[in-house]
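Worksheet: one structure, shown below.
In the numbering used here, the protein residues as written are 639 to 1253.
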């Protein structure tokens, strides 16, 4: 397509306001725009009309005048049919989210016209480096994607003015679009649109006409006086509302001690095997710990599970990470697709793996529609505040994040998990972890700040300064871990603390991952010291602050592989190693031979686990 030129309908710069007719036409187009799903099949779209529509899209505003969009026109029917197959798969997956009555209503809707439309257009955004940072995106890099959304809206409004229908198909896998449209790495699909001649334009949006949702009143979405004020939306059916954040209702039931009698009985049984006392070292220690967790002999094999908590951090705006916040969602997408190391390890070792969103800010459309690893939405807020300039969270939000972790522990327990690991994904969370450790222990930031995800020496110094500034600004109370979490912590850190507390209450052993998970565990132990015996440290993180966290916890990590990445990789290995120790020593237990005759050998213990829910 040749370069665009200024269209003739542009008004002179001297014209401040449109005349009455032009102004009314603009408002009419906005008010009458509809998402069209039914098109007249076989009717072509005039190329001159299409060009005018794309010219309007190309006139959209963009941050730093970046113009990051691209328009891929799709006419081939076979290609469109393959894309529609993705839609059909995703629609079934999405239907499962709704209760039965709503599910049937959802499946009755006509939600696309991929094949009937004259053509399809994919609006994509080019996020590849340009040699220089785009003006205006240092603090808000997501503004580049928002610019492409402006192009979508321009296209839609221009099409309505031309009498052309547009339908946005959001229920399609981005990975399929990338493959079908041959989008290079760094170019992401924003919107897949069907364009053609509509059978009719509806009087109101279809979902409003059918009673799925009602349009909210303007007063409900306008927030005066410079602050956001939440309001109840009584007109929206409960099943159609976004999921509410978990309430801060953490249970206060005391954590029981490990079963000392079971541990003594296990050690006594080991003494009958003729091995020198303590000759099996950590193998025997880990198995004895597991006996104390489960409180029964013969030892049941662990049923392992891992929760990876994901959230973003506003402090990334201070340059404390070598990667942008968008990398959090990208890493999560890789985990969910089964392509990350933690996904492969969990599958290899039979670990039930779930990712938990407690506060992502990135583009969730890139997440796989039919994931290998499920994502549990337990969002408290979309990312923390910039702790250098404001509290990371309110106290209530920190408590809600802890409850999100507790809910996850209950759900895993209900699925039969008896040994649980915790991991994390969140660009910027080593800064928050460092700030928490400094607040709880009084250690100077310069002694704890590390490179995180690849910072150089200058970046580490900047990170140390940011932590020092945050501590001076907020003065978190070291005797009140929830105050520390709220002021300088992270959503995923608070969630892991709540997870550990609830898991121990449910008599699940807890294997913690690297620096961030250990920091969360320390917060939890400061809240409930009885938790500590229920914890195992999987490994010694390469981050300098991790050594202090382990010392404060009094935990000796199982291994040291020089791991400097989170995601629960070390926790999976720790879960597997505990299972291997238990399996090895259970094989030496003569009572196993007697148990085989009753069908008990190799079966996970059937003792009841309280809690409920589903992921």
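The beta carbon of each residue, even a glycine, is placed where N, CA and C say it ideally should be. In this text the structure is predicted, and so the values were computed from the model without any measurement.
Simplified DSSP state of residue 655, which is helix, strand or coil
Against the chain shown, residue 655 aligns to sequence position 17. Of the three classes helix, strand and coil, the one that applies to residue 655 here is coil, per DSSP.
With a threshold of 8 Å on Cβ separation, who are the neighbours of residue 1026 within its own chain once the five nearest residues in sequence on each side are excluded?
In the chain shown, residue 1026 corresponds to position 388, counting from 1. Excluding its 5 nearest sequence neighbours in each direction, residue 1026 has C-beta neighbours in its own chain below 8 Å: 953, 956, 1104, 1107, 1108, 1111, listed in chain order.
Can you pull the DSSP bridge partners for residue 1177?
Position 539 of the chain shown, counted from the first residue, corresponds to residue 1177. Its beta-bridge partners are 1197.
Could you check whether residue 1002 and residue 967 sit closer than 8 Å to each other, using their CB atoms as the reference points?
As a first step, residue 967 is located in the chain shown; it is residue number 329 there, counting from the start. As a first step, residue 1002 is located in the chain shown; it is residue number 364 there, counting from the start. It is a contact, given that the beta carbons lie within the stated cut-off.
Within the continuous beta strand (DSSP E) that includes residue 1162, where are the two ends?
For the purposes of this step, residue 1162 is taken as residue 524 along the chain shown, with counting starting at 1. Where residue 1162 is concerned, there is no enclosing beta strand (DSSP E), although the alpha helix (DSSP H) around it starts and stops at 1153-1165.
Suppose you measure from the CA of residue 1095 to the CA of residue 1087; what does that come to, to the nearest Å?
Translated into positions along the chain shown, residue 1095 becomes position 457. Translated into positions along the chain shown, residue 1087 becomes position 449. If you take the alpha carbons of residue 1095 and residue 1087, they lie about 10 Å apart.
Please report the Cβ distance between residue 977 and residue 1043, rounded to the nearest whole angstrom; I am assuming they are in contact, meaning their Cβ atoms lie under 8 Å.
Indexing the chain shown from 1 puts residue 977 at position 339. Indexing the chain shown from 1 puts residue 1043 at position 405. No, residue 977 and residue 1043 are not in contact; Cβ-Cβ is about 26 Å, not under 8 Å.
Between the alpha carbons of residue 878 and residue 1171, how many angstroms are there, rounded?
Mapped onto the chain shown, residue 878 falls at position 240. Mapped onto the chain shown, residue 1171 falls at position 533. Confidence in residue 878 is poor, its pLDDT being 35 and thus under 50, which makes the residue's placement too unreliable to answer from.
Taking only the alpha-carbon atoms, compute the straight-line gap between residue 892 and residue 1144 and give it to the nearest angstrom.
Working through the chain shown from its first residue, we reach residue 892 at position 254. Working through the chain shown from its first residue, we reach residue 1144 at position 506. Rounded to whole angstroms, residue 892 and residue 1144 show a C-alpha spacing of 10 Å.
Candidates 900, 998, 940, 950, of which the one nearest residue 1216 by Cα
The sequence position of residue 1216 within the chain shown is 578, counting from 1. Ranking the options by Cα distance to residue 1216, first place goes to 940.
Does the Cβ of residue 1147 have 16 or more other Cβ atoms within 10 Å, making it buried, or fewer, making it exposed?
In the chain shown, counting from the first residue as 1, residue 1147 sits at position 509. Looking at its Cβ environment, which holds 16 or more other Cβ atoms inside 10 Å, residue 1147 is buried.
Less than 8 Å between the C-beta atoms of residue 1036 and residue 1127, yes or no?
Stepping through the chain shown from its first residue, residue 1036 is reached at position 398. Stepping through the chain shown from its first residue, residue 1127 is reached at position 489. Contact flag set, yes.
Looking at residue 757: is its Cβ nearer than 8 Å to the Cβ of residue 819?
Looking up residue 757 in the chain shown gives position 119. Looking up residue 819 in the chain shown gives position 181. In this structure, the beta-carbon distance from residue 757 to residue 819 does not fall below 8 Å.
What residue from 807, 1189, 868 has the CA that sits closest to residue 859's CA?
Numbered from 1 along the chain shown, position 221 holds the residue referred to as residue 859. The shortest Cα separation from residue 859 among 807, 1189, 868 belongs to 868.
Tell me whether residue 841 is buried or exposed, calling it buried when 16 or more other Cβ atoms sit within 10 Å of its Cβ.
Here residue 841 corresponds to residue number 203 of the chain shown, with the count starting at 1. With fewer than 16 other Cβ atoms inside 10 Å of its own Cβ, residue 841 counts as exposed.
Looking at the structure shown, is residue 707 part of a helix, part of a strand, or coil, going by DSSP?
For the purposes of this step, residue 707 is taken as the residue at position 69 of the chain shown. The answer is strand: DSSP assigns residue 707 an E or B state.
Going by alpha carbons, who is nearest to residue 744 out of 704, 714, 849?
For the purposes of this step, residue 744 is taken as the residue at position 106 of the chain shown. It is 849 whose Cα lies nearest to the Cα of residue 744.
Pairs of beta-carbons, one from the region 712-719 and one from the region 774-793, closer than 8 Å: are there three or more?
Segments in contact, no.
As a quick exercise: from 1113, 1183, 1134, pick the residue whose alpha carbon is nearest that of residue 1029.
Taking the first residue of the chain shown as 1, we reach residue 1029 at position 391. Residue 1029 has its Cα closest to that of 1113, out of 1113, 1183, 1134.
Helix or strand or just coil, what does DSSP make of residue 665?
Here residue 665 is taken as the residue at index 27 of the chain shown, counted from 1. The answer is helix: DSSP assigns residue 665 an H, G or I state.
Below 7 Å CB to CB, which residues in the same chain sit around residue 1190 once its five sequence neighbours on both sides are set aside?
For the purposes of this step, residue 1190 is taken as residue 552 along the chain shown, with counting starting at 1. Exclusion of the five residues before and after residue 1190 leaves 1079, 1160 as the residues of its chain whose Cβ lies within less than 7 Å of its Cβ.
Taking C-alpha atoms, which residue in 1130, 925, 788 lies nearest to residue 937?
Residue 937 sits at position 299 when you count from the first residue of the chain shown. Taking only the C-alpha atoms, the option nearest residue 937 is 925.
Once DSSP output is grouped into helix, strand and coil, what is the label at residue 806?
Indexing the chain shown from 1 puts residue 806 at position 168. Note: residue 806 maps to strand in three-state DSSP.
Length at least 3, wholly inside the region 687-747: the beta strand (DSSP E) runs in chain order
Considered as a whole, the region 687-747 harbours 707-712 as its complete beta strand (DSSP E) runs of no fewer than 3 residues, in chain order.
Would you kindly check if the distance between the Cβ of residue 803 and the Cβ of residue 674 is under 8 Å?
Working through the chain shown from its first residue, we reach residue 674 at position 36. Working through the chain shown from its first residue, we reach residue 803 at position 165. Yes; because the gap between Cβ atoms is below 8 Å, this pair is in contact.
Contact between the region 1001-1018 and the region 1051-1070: three or more CB pairs below 8 Å?
In short, these stretches do not touch, since the Cβ pair count stays below three.
Strictly by DSSP, which residues pair up with residue 678?
Numbered from 1 along the chain shown, position 40 holds the residue referred to as residue 678. Paired residues: none, contrary to the question.
Inspect the CB distances between the region 1201-1209 and the region 1175-1182 and report whether three or more fall short of 8 Å.
In the pairwise beta carbon analysis, the region 1201-1209 is classified as touching the region 1175-1182: at least three pairs are separated by under 8 Å.
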